[in-house]
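Counting in my numbering, the sequence shown runs from 58 upward without gaps. Written below as C-alpha cells is the structure these notes are about.
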Amino acid sequence: RGGRDVVICPGELPNLREFVLTVARVLGLDIDWQVLFTRGTALCMDVEIGDDDELQARLKQLVFGGATTRDAVAAAAKRWVIVPYTLSAPFMRWAQPLLDAGVGVVGDVPEWQARYGDKSILHRHVLTPDEPSVLERLGIGRVRVARGFVVETVAQLVRAYRILESPTVVIKPLVGAAGEGIVFLTAEQELLLYDFGYGPVLIEECLDVEKADDGVVMAPAVHYMQTELLGREPVDQIMA
58 RGGRDVVICP
68 GELPNLREFV
78 LTVARVLGLD
88 IDWQVLFTRG
98 TALCMDVEIG
108 DDDELQARLK
118 QLVFGGATTR
128 DAVAAAAKRW
138 VIVPYTLSAP
148 FMRWAQPLLD
158 AGVGVVGDVP
168 EWQARYGDKS
178 ILHRHVLTPD
188 EPSVLERLGI
198 GRVRVARGFV
208 VETVAQLVRA
218 YRILESPTVV
228 IKPLVGAAGE
238 GIVFLTAEQE
248 LLLYDFGYGP
258 VLIEECLDVE
268 KADDGVVMAP
278 AVHYMQTELL
288 GREPVDQIMA
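If you want it as C-alpha cells, here you go:
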C-alpha cells in the first residue's frame, strides 16, 4: 500500500530485485523507503537481517521515527505489524525489540509453534525409534514421507545413516525453507564432518523427485486455514 507498508527482499538476486522494483513502481510505492533489501541471496532472510545493523537501524527509524518517550514509542509501535515467513528463532532474534515495544506480528501462537512448527513432526527421533512421531500421533490418516529420523549430534547422524542404508541421504534443518541448509551426502565420512550449523536436523533417504514434462521439479503440497484443509486434493507447486 502506497505510503504505508514496507517490504524487505533479498538484495543480491538481480532478477528478483528487478521484479520487486517493477511491482513497487506499478503499485505506486515510494522506493526510497518502502522497499528495503538485504545484502544477501537467502530467501529466508532472518539471519541476514539479524546480521545487518544498518538494516535494523532503518527499520527502527521507520517504526519509531523521532519518538523518545515511552508513550510515544508505544503509540508508534502499535501502528505496525510484521508479517514474517515464519516465527523462527532467527526471526525472533532481530524482531524481539520491535515486538517488545508493541509492534504486532502475524504468525502461529508459541504453543502451536513449539509442537508443530518445524520438520521434527515428520519423523521419530533416532534415540527413541519406538516412540511415534507427531505426524503419526495426529491420527489424520496415512501421510507418506521419506524414511528418516530426527538427530542432534554426529553420533546420532551416523547411527541413523546406518539404519536407513540409503546410498544418498538428505540432511534438512528442522527450521527453514526454500532449500536453505539442505545438503546431500553419500558417505559416512561426510557425516563425520557435518557441523550442525542450523541446529538439529532430519536425515532422510534420498528419493527420486517428480518432474513436469519440461524437467522442472514438482512439489505436492496441501494448504490449510486454521483446522480446515483448502481443497480436496494436494496441489503441485512448481519449484523454480
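Cβ atoms here follow ideal geometry from the backbone N, Cα and C, with glycine treated the same way. Predicted model, so just to flag it, every value in this text is computed and none were measured.
Q) Counting Cβ pairs closer than 8 Å, one from the segment 241 to 254 and one from the segment 109 to 123, do we hit at least three? A) no
Which class does Lys117 belong to by DSSP, given the choice of helix, strand or coil? Within the sequence shown, the letter at position 60 stands for residue 117. In this structure, Lys117 counts as helix in the three-state DSSP scheme.
Inter-residue spacing [alpha-carbon to alpha-carbon] between Ala133 and Phe121:
Sequence index remark: in the sequence shown, residue 133 carries index 76 (1-based). Sequence index remark: in the sequence shown, residue 121 carries index 64 (1-based). The alpha-carbon atoms of Ala133 and Phe121 are separated by roughly 5 Å.
Local Cβ density within 10 Å of Gly174, reported as buried at 16 or more and exposed below that
The residue given as residue 174 occupies position 117 in the sequence shown. Gly174 is buried by the Cβ-count criterion.
- Query: How close, in whole Å, do the beta carbons of Ile106 and Ile139 come, if the pair is a contact with beta carbons under 8 Å?
  - Reply: On the sequence shown, position 49 is the one that residue 106 refers to. On the sequence shown, position 82 is the one that residue 139 refers to. That belief does not hold up - the Cβ atoms of Ile106 and Ile139 are roughly 11 Å apart, past 8 Å.
- Based on the DSSP output, what are the partners of Gly174 in its beta bridges? Indexing the sequence shown from 1 puts residue 174 at position 117. According to DSSP, Gly174 bridges with nothing at all.
Task: Distance, Gly59 Cα to Gln246 Cα - done: Start at 1 with the first residue of the sequence shown, and residue 246 comes out as number 189. Start at 1 with the first residue of the sequence shown, and residue 59 comes out as number 2. About 54 Å.
| field | Sheet register partners of Ile228 (DSSP bridge) | value | Position 171 of the sequence shown, counting from 1, holds the residue named residue 228. BP columns for Ile228 point to Val240, Ile260.
**Asked** How do the segment 161 to 170 and the segment 182 to 199 stand: do at least 3 beta-carbon pairs fall below 8 Å, yes or no?
**Response** no
- Task: Give the range of the beta strand (DSSP E) segment to which Phe148 is assigned.
- Result: As a working mapping, residue 148 is identified with position 91 in the sequence shown. Phe148 -> not in any beta strand (DSSP E); alpha helix (DSSP H) instead, spanning 146 to 158.
**Asked** Shortest alpha-carbon distance to Met102 belongs to which of Ala203, Val226, Leu84, Glu237?
**Response** Taking the sequence shown and counting its residues from 1, the one referred to as residue 102 is at position 45. Of the candidates Ala203, Val226, Leu84, Glu237, the one whose C-alpha sits nearest the C-alpha of Met102 is Glu237.
**Request:** Reducing DSSP to helix, strand and coil, say where Leu286 ends up.
**Result:** Your numbering for residue 286 matches position 229 in the sequence shown. Of the three classes helix, strand and coil, the one that applies to Leu286 here is strand, per DSSP.
**Closest Cα partner of Tyr218 within the set Met275, Thr79, Leu259** = By one-based count along the sequence shown, residue 218 stands at place 161. Nearest C-alpha to Tyr218: Leu259.
(message) Rounded to whole angstroms, what is the Cα-Cα separation between Gly205 and Ala276?
(response) Stepping through the sequence shown from its first residue, residue 205 is reached at position 148. Stepping through the sequence shown from its first residue, residue 276 is reached at position 219. For Gly205 and Ala276, the distance between alpha carbons rounds to 18 Å.
- Query: Can you tell me whether DSSP reads Pro71 as helix, strand or coil?
  - Reply: Within the sequence shown, numbered from 1, the residue matching residue 71 stands at position 14. Helix at Pro71.
* Sorted by chain position, which residues of the same chain lie with C-beta nearer than 7 Å to His180's C-beta, five sequence neighbours on each side aside? -> The residue given as residue 180 occupies position 123 in the sequence shown. Around His180: Ser190, Gly205, Phe206, Val207, Leu259.
- prompt: Under three-state DSSP, which class holds Ala269?
  reply: Counted from its first residue, the sequence shown places residue 269 at position 212. Coil.
How is the beta strand (DSSP E) around Leu93 delimited, first residue to last? Translated into the one-based positions of the sequence shown, residue 93 becomes position 36. 92 to 94 is the span of the beta strand (DSSP E), which, as asked, contains Leu93.
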